[in-house]
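Here's the structure we're looking at; comments come further down.
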DNA sequence: AGGCATTCTGTTTACGTAAACATTCTCCCC
DNA sequence: GGGGAGAATGTTTACGTAAACAGAATGCCT
């Protein structure tokens, strides 16, 4: 209703609205604007009484520092850019949370861009978009295939990447994909499965590639046959479709899915076909999303310490911002432990005919 | 190794590093800085030949506009703040995606803050934090109990909220919680269940309250008994614990959980106890997260059109930024349809003893 | 050909802040 | 109580950009 109070904007000249400035506060408090600045930033000491007077004036005027001006003067924004890939839906959303939390602790805010596909062009576009934004550093989660060269960044922009493909080009932090995958496959072999099948992630994904390779190598090392992997795309829906195939095959007793969503879809299909998990087919996922423990049966999976990764990514940025540290070759690895739940068991002696 | 190329920073005076400026480009191109500005913004026409010359100079120098200066001059940041509450882990993460996408389409970036608890103080703190950030508008997702008064915002800051509690105070966009909840409960009643139990969300949550109230009202309208609701906290873990209780009770044949995670935990507990879903107990969730269709059994649930909500939130902000529209009373409602899958069925005539 | 509208370009100025330097004040010591 | 060190405060200036205004070039019409 009453709206007469609004519209307090400064109509002067062609300049846009703006709140009270440092000068307004100075005038009211009877000090110089520099003193107001000192109170505002706390950079230099101000006599207690003066400070009080300034703070009062600030409150009275509802003063808030103009961050554009401050950023212009200081040359930084206290903000970092974050590029993610649909990632918000997967377990990696925790990485985002951790990045935001850690950045905030450092007094930085986070500007988020979500690219639809992890393809080179999309990420480049996002980089383009973001590097034109007001950021002091850039974190890229799952850049997948983008080649380092494709990232046309200002050379002074600190970068941290959670994708092993960038090792040697940009500082990277990532889970121990290989170790986790090997542990998963070995776990199934140890249970007595003769062979372990794999539902892979999309072929253009770095992590998917690492997991598939580690799976293959573990089988080879154990002297086992390496079956053709199933090609997935991370989605539960695809896991379900592949599951329908697998459910038809008596010879598949153990499956290592490249992520939990696909594992869930797989189990869904197996249930529907009347195949039992883990009695008929053992399933292992990857990520340990929150729901993994409450799927049926609770999913054995490889945990990614997303929180740790996010935290470390911010640390890498901060180190670049702080000292003039050269971290190009840096590569932090976070352990990826196998979490054994109830979706894996020793294979049955011999299955009777299906159903 | 070779690092002599780095450190191209301007060492002059006490001023921080910075790339080439509009003036440097102007000098190289042999035009005035204003012309460079015109090319950069495209605000006014520039002769094709001149523009080319300027663009060349820009490329040559690797010029990128200084956004702090631009923001200072223009009085806006082309950025909006987004406050979320652990929301990244739930279905509402899709809202975030949609907000980011829609904002980007408008040329805005998104600054994200994730508060740990939805409590008044935390949200206020986040608002405080963000309103001191470089943003032109603010979107709050699930502010839960924060009272409008608690949001000490600059009066000119456009706000959009996805929480019905703010209706009348701030423009709001939200799913039709009541309609969706009623449909869920009615569905169970229609199947023949005598009474429907409820696993509620946390008591300080607005949406949880709406769902609980709608559940109760639907039962009352049908002339049914209203049992004591179970108190949850959105987590699958709690759903599981409550499920262990419910599994002991023969009288519970239908449960409406306030979200999908709790429904998943509930089903987990029921499975473990040997109770069958939906044969012994029917379960309905809320949200329709991606995995809902691939839980076992696939979960009947109320879909929240998060994408739509996110999109609408941005639209509300843009309308405030554009015209001087007064939207305080605005409240957009997005339908929340019931998605029937396989976790619900008519009750068995009479259950034998447990197990 | 002259005049005027149109298009293009240049000059001046201000946005709000904080570093650098300059000045004033305070208080302590001999 | 005079001198001086240090603390407190003030003055000047520049950060990079774009709006406002001013001036120059071009073209078009009669």
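Protein chains in written order, with our numbering: chain A, 7 to 361; chain B, 7 to 361.
Every residue, glycine too, gets a C-beta built ideally from N, C-alpha and C.
Exercise for the section: Report yes or no: is there a C-beta of chain A within less than 7 Å of the C-beta of residue 143 of chain B? Expected result: The residue you call residue 143 of chain B lines up with position 137 of the second chain. No, because no Cβ of chain A sits closer than 7 Å to the Cβ of residue 143 of chain B.
Practice task
Specify whether the stretch 278 to 297 of chain B and the stretch 179 to 199 of chain B touch according to this definition: at least 3 beta carbon pairs, one from each stretch, less than 8 Å apart.
Solution key: yes
Problem - Where the stretch 259 to 283 of chain A meets chain B: residues whose CB sits under 8 Å from a CB there - result: 267, 270, 271, 273, 274, 277
Exercise for the section: Return no unless some Cβ of chain B is closer than 7 Å to the Cβ of residue 105 of chain A. Expected result: Start at 1 with the first residue of the first chain, and residue 105 of chain A comes out as number 99. Not an interface residue.
Exercise for the section: Give the DSSP-derived three-state secondary structure of residue 99 of chain B in the structure shown. Expected result: Indexing the second chain from 1 puts residue 99 of chain B at position 93. DSSP places residue 99 of chain B in helix when its eight states are reduced to three.
Handout entry: DSSP three-state assignment for residue 263 of chain B, whether helix, strand or coil
Key = Taking the second chain and counting its residues from 1, the one referred to as residue 263 of chain B is at position 257. In this structure, residue 263 of chain B counts as strand in the three-state DSSP scheme.
Problem - Sheet register partners of residue 291 of chain A (DSSP bridge) - result: Position 285 of the first chain, counted from the first residue, corresponds to residue 291 of chain A. According to DSSP, which records beta bridges pairwise, residue 291 of chain A is partnered with A/307.
Practice task
Could you tell me how far apart the beta carbons of residue 333 of chain B and residue 326 of chain B are, in whole angstroms, since I believe they sit closer than 8 Å?
Solution key: By 1-based counting over the second chain, the position of residue 333 of chain B is 327. By 1-based counting over the second chain, the position of residue 326 of chain B is 320. Going by Cβ atoms, the distance from residue 333 of chain B to residue 326 of chain B rounds to 6 Å, so yes, they are a contact pair.
Practice task
In angstroms with no decimal places, state the Cα-to-Cα distance between residue 77 of chain B and residue 83 of chain B.
Solution key: The count along the second chain starts at 1 and reaches residue 77 of chain B at position 71. The count along the second chain starts at 1 and reaches residue 83 of chain B at position 77. The alpha-carbon atoms of residue 77 of chain B and residue 83 of chain B are separated by roughly 5 Å.
Handout entry: Where residue 353 of chain A sits in the DSSP three-state scheme
Key = Numbered from its first residue, the first chain carries residue 353 of chain A at position 347. Coil, per DSSP.
Problem - Within chain A, the residues that residue 349 of chain B reaches when beta carbons sit closer than 9 Å - result: As a working note, residue 349 of chain B is residue 343 in the second chain. The contacting residues do not exist; residue 349 of chain B stays about 11 Å from chain A at best.
Handout entry: Unbroken stretches of the alpha helix (DSSP H), 4 residues or longer, contained in the stretch 179 to 210 of chain B
Key = 183 to 196
Exercise for the section: For residue 166 of chain A, write down the residues that DSSP places opposite it in a beta bridge. Expected result: For the purposes of this step, residue 166 of chain A is taken as residue 160 along the first chain, with counting starting at 1. Looking at the DSSP assignment, residue 166 of chain A forms a beta bridge with A/145.
Handout entry: Backbone CA spacing between residue 57 of chain A and residue 79 of chain A [nearest angstrom]
Key = Walking along the first chain from the start, residue 57 of chain A turns up at place 51. Walking along the first chain from the start, residue 79 of chain A turns up at place 73. Approximately 23 Å, taken between the alpha carbons.
Exercise for the section: For residue 186 of chain A, I'd like the list of residues in its chain whose CB is within less than 6 Å of its CB, leaving aside the five on either flank, ordered along the chain. Expected result: In the first chain, counting from the first residue as 1, residue 186 of chain A sits at position 180. Once the five neighbours on either side are set aside, the close Cβ partners of residue 186 of chain A are 308, 342.
Practice task
Would you kindly check if the distance between the Cβ of residue 305 of chain A and the Cβ of residue 241 of chain A is under 7 Å?
Solution key: Within the first chain, numbered from 1, the residue matching residue 241 of chain A stands at position 235. Within the first chain, numbered from 1, the residue matching residue 305 of chain A stands at position 299. Not in contact: residue 241 of chain A and residue 305 of chain A (Cβ atoms no closer than 7 Å).
Handout entry: Bridge-paired residues (DSSP) for residue 337 of chain B
Key = Indexing the second chain from 1 puts residue 337 of chain B at position 331. Answer is B/178.
Problem - Cβ neighbour criterion (16 or more within 10 Å) applied to residue 208 of chain A - result: Residue mapping note: residue 208 of chain A aligns to position 202 of the first chain, counting from 1. Buried: at least 16 other Cβ atoms inside 10 Å.
Exercise for the section: Note down, in chain order, each residue of its chain lying with its Cβ closer than 6 Å to the Cβ of residue 345 of chain A, except the 5 sequence neighbours on either side. Expected result: Numbered from 1 along the first chain, position 339 holds the residue referred to as residue 345 of chain A. Result list for residue 345 of chain A: 294, 307, 309, in chain order.
Handout entry: Nearest neighbour of residue 110 of chain B, chosen from A/118, A/236, A/110 [CA to CA]
Key = Taking the second chain and counting its residues from 1, the one referred to as residue 110 of chain B is at position 104. The candidate whose alpha carbon is nearest that of residue 110 of chain B is A/118.
Practice task
Verify whether the separation of the beta carbon atoms of residue 260 of chain B and residue 194 of chain B is less than 7 Å.
Solution key: The residue labelled residue 260 of chain B in the question sits at position 254 within the second chain. The residue labelled residue 194 of chain B in the question sits at position 188 within the second chain. For residue 260 of chain B and residue 194 of chain B, yes; Cβs fall inside 7 Å.
Exercise for the section: Give the C-beta separation of residue 168 of chain B and residue 141 of chain B to the nearest angstrom, bearing in mind that I take them to be a contact with Cβ-Cβ under 8 Å. Expected result: As a first step, residue 168 of chain B must be located in the second chain, where it is residue number 162. As a first step, residue 141 of chain B must be located in the second chain, where it is residue number 135. The Cβ separation is near 17 Å, so there is no contact.
Exercise for the section: Could you tell me whether the Cβ of residue 365 of chain A comes closer than 7 Å to any Cβ of chain B? Expected result: Missing from the structure shown is residue 365 of chain A; chain A here goes from 7 to 361 and no further.
Exercise for the section: Look up residue 90 of chain B in the DSSP assignment and give the residues it is bridged to. Expected result: Reading the second chain from its first residue, position 84 is the one you call residue 90 of chain B. Paired residue(s): B/120.
Problem - Within-7 Å CB hit, residue 5 of chain B to chain A - result: No information on residue 5 of chain B is available, as it lies outside the stretch 7 to 361 that chain B covers here.
Problem - C-alpha gap between residue 85 of chain A and residue 144 of chain B, whole angstroms - result: Walking along the first chain from the start, residue 85 of chain A turns up at place 79. Walking along the second chain from the start, residue 144 of chain B turns up at place 138. Approximately 17 Å, taken between the alpha carbons.
Practice task
Measure the CB-CB distance between residue 253 of chain A and residue 282 of chain A and report whether it falls below 7 Å.
Solution key: Your numbering for residue 253 of chain A matches position 247 in the first chain. Your numbering for residue 282 of chain A matches position 276 in the first chain. Taking 7 Å as the Cβ cut-off, residue 253 of chain A and residue 282 of chain A do not qualify as a contacting pair.
Problem - Given residue 335 of chain A as reference, the closest of A/43, A/203, A/175 once Cα atoms are compared - result: As a position in the first chain, residue 335 of chain A is number 329, starting the count at 1. Cα-wise, what sits closest to residue 335 of chain A is A/175.
Practice task
Give the residues of chain B in contact with residue 83 of chain A, contact being defined as C-beta atoms less than 9 Å apart.
Solution key: By one-based count along the first chain, residue 83 of chain A stands at place 77. Those within 9 Å of residue 83 of chain A in chain B are 73, 74, 140.
Problem - Coil, strand or helix - residue 241 of chain A by DSSP - result: Here residue 241 of chain A refers to the residue found at position 235 when the first chain is read from its first residue. Correct three-state label for residue 241 of chain A: coil.
Exercise for the section: In the DSSP assignment, find the unbroken alpha helix (DSSP H) run with residue 222 of chain A in it and report its ends. Expected result: Position 216 of the first chain holds residue 222 of chain A. It spans 212 to 227 - the alpha helix (DSSP H) in which residue 222 of chain A sits, taken as one unbroken run.
Practice task
Return helix, strand or coil for residue 27 of chain A, following the three-state DSSP convention.
Solution key: For the purposes of this step, residue 27 of chain A is identified with residue 21 of the first chain, where counting begins at 1. Three-state result, residue 27 of chain A: coil.
Practice task
Identify the continuous alpha helix (DSSP H) that holds residue 312 of chain B and give its terminal residues.
Solution key: Here residue 312 of chain B corresponds to residue number 306 of the second chain, with the count starting at 1. Counting along the chain, the alpha helix (DSSP H) containing residue 312 of chain B begins and ends at 312 to 327.
Exercise for the section: With distances taken Cα to Cα, identify the nearest neighbour of residue 65 of chain A among A/272, A/99, A/101, A/27. Expected result: Stepping through the first chain from its first residue, residue 65 of chain A is reached at position 59. Per the Cα distances, A/27.
Problem - Selection of the stretch 25 to 50 of chain A by Cβ proximity to chain B, strictly under 8 Å - result: 25
Problem - Any C-beta of chain A under 7 Å from that of residue 168 of chain B - result: Your numbering for residue 168 of chain B matches position 162 in the second chain. No - not a single Cβ of chain A is within 7 Å of the one on residue 168 of chain B.
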